[in-house]
Ligand code: SF4
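Residue numbers (this note's numbering): 30 to 529.
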């Protein structure tokens with residue numbers, strides 16, 4: 030399976046295209062001005078920001094405008110309990126304004142765990158000789174999808190790839206095509222993955238064009254840490270990932286390649302969390318400045334224990350639950366239009382709380398071992414996983430809980446298939462208009478899932494939410510209601526994939 034070492038070395042050497050970094054830089058500098066960030070944080074640390082100023086900032090968030098670095102630094106340093114509560118309330122209000130009471134659900138699918146990088150926090154790193162290595166064949170990918178789309182009912186995936194010559198862009202392309210091809214019979218209709226989001230290494234413009242052609246949803250790459258020295262320390266020299274700039278500018282290359290739907294993120298726990306939130310903000314603002322489009326999603330995984338990765342236990346910057354909730358709140362307020370992803374890394378309690386702070390997407394029935402869905406093993410296997418999960422509940426349990434909390438789970442994948450991406454979706458999100466399409470599609474896709482996959486208890490609870498949503502559509506969008514209800518009835522009869 031492994032390619033010879035010298036071939037691997039030359040593959041690594043050719044990966045980074047310097048000209049695809051420097052063309053975006055400003056006089057050789059990147060857009061993360063560390064000294065400026067530190068001084069803004071320190072300035073606000075010295076004196077508690079006054080409450081009138083904070084209230085003004087919150088009104089700006091509520092009008093769905095991206096905050097400035099100074100405003101974000103002020104929010105990060107609020108200590109007054111009452112103000113903190115007001116920030117949390119506003120964060121949820123912002124979320125409701127943009128995304129209403131919908132939670133989008135997806136599943137991660139790890140395709141391989143070969144990697145030439147050596148990130149000190151990762152179980153898949155090259156020098157970890159204790160991990161079981163595996164690349165899924167196309168046949169094995171199909172089997173995974175049969176379970177995901179036909180057994181669990183997912184419509185949306187995030188596919189995850191390590192970085193290795195054996196799983197380069199051709200492998201990525203073929204696996205995505207295979208995923209889209211699988212169609213499975215279900216109780217009343219059929220199941221299929223309709224949106225493949227991709228978490229892949231930093232790619233060149235040429236490779237990103239191939240990815241774009243494969244019809245992906247979001248291209249997701251996390252900077253892991255925006256702090257330059259920390260970045261160098263946790264991504265050892267001689268690896269591709271060691272190059273901070275190659276990773277930092279991958280979204281610029283994505284836009285140039287035609288991909289205008291991207292997700293950014295930080296692995297919280299590598300460096301000071303306030304600095305990292307500022308890094309995310311600067312990244313979002315740079316994208317808005319250059320392309321008029323901010324990140325479609327922001328992710329904020331916390332460092333978790335990983336097999337034979339002792340760094341994960343002693344990083345020195347672990348983020349406690351209270352700070353984690355604060356950083357979620359500030360991200361929601363600072364980049365108010367963005368989708369926010371809370372994953373099954375976190376336990377059920379934290380996921381519930383994160384939803385109430387404005388998160389919009391989450392996974393369920395999650396398995397992150399390679400081949401873990403079709404093998405149907407229930408125990409977590411640390412030798413096959415990048416890290417250990419905090420929440421292994423089934424999708425049925427998660428959806429039931431959301432319904433009890435008053436949330437509707439959406440399996441909608443219509444946006445990118447109707448061209449609602451990039452500048453178009455930004456405008457719709459900022460003006461709250463995207464919600465109109467989303468509400469309709471959330472109800473239609475939820476109906477599909479309930480009829481095909483839900484347990485009786487979940488169904489009974491969820492029907493109440495559905496009826497309420499249908500009534501709201503009738504009242505608020507009367508012109509579209511007749512078409513909508515026609516689609517809804519057809520879905521009840523077994524038709525699938527009708528959307529606005
Ligand atoms: S974090 Fe990603 S790049 Fe780093 S070793 Fe793990 S799989 Fe490879």
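Backbone N, C-alpha and C define an ideal beta-carbon position, used for all residues, glycine too.
Since the structure is predicted, the reported quantities are computational estimates derived from the model, not experimental observations.
Query, Result
"Three or more C-beta pairs below 8 angstroms linking the stretch 474-488 and the stretch 261-279", "no"
"Buried versus exposed call for residue 425 [16 or more other C-beta atoms within 10 Å across all chains shown]", "buried"
"First through last residue of the beta strand (DSSP E) which encompasses residue 446", "No beta strand (DSSP E) holds residue 446; the alpha helix (DSSP H) holding it covers 443-446."
"Residue 138 in three-state terms, based on DSSP", "strand"
"Proximity test, residue 94 beta-carbon vs the ligand SF4 heavy atom, cut-off 7 angstroms", "no"
"Identified DSSP bridge partners for residue 219", "214"
"Validate contact between the stretch 126-136 and the stretch 430-448 using beta carbons, cut 8 angstroms, 3 pairs", "yes"
"Run of the alpha helix (DSSP H) containing residue 308, from where it starts to where it stops", "302-320"
"Three-pair Cβ contact test at 8 angstroms for the stretch 171-180 versus the stretch 357-366", "no"
"Among 350, 189 and 344, the one whose alpha carbon lies nearest that of residue 138", "189"
"Residue 88: first and last residue of the uninterrupted alpha helix (DSSP H) it sits in", "80-91"
"CA-to-CA distance, residue 523 to residue 148, given in whole angstroms", "47 angstroms"
"From 192, 315, 441 and 108, residue whose alpha carbon lies closest to that of residue 271", "192"
"Cβ-Cβ distance between residue 224 and residue 366 below 8 angstroms", "no"
"N-terminal and C-terminal residue of the alpha helix (DSSP H) that residue 240 is part of", "234-242"
"Proximal residues to residue 100 (C-beta, below 6 angstroms), its chain only, five neighbours per side dropped", "86"
"Contacts around residue 116, its chain only, beta-carbon distance under 6 angstroms, and the 5 residues preceding and following it disregarded", "358"
"Residue 58, DSSP secondary structure in three states", "strand"
"C-beta atoms of residue 399 and residue 381 nearer than 8 angstroms", "no"
"Residue of 284, 69 and 527 minimising C-alpha distance to residue 318", "284"
"Sequence-distant residues of its chain with Cβ nearer than 7 angstroms to residue 159 (five each side left out)", "336, 337 and 412"
"Touching by the beta-carbon criterion (3+ pairs, under 8 angstroms), the stretch 215-231 and the stretch 177-189", "yes"
"Own chain residues within Cβ distance below 8 angstroms of residue 344, not counting five before or after", "150, 298, 299 and 332"
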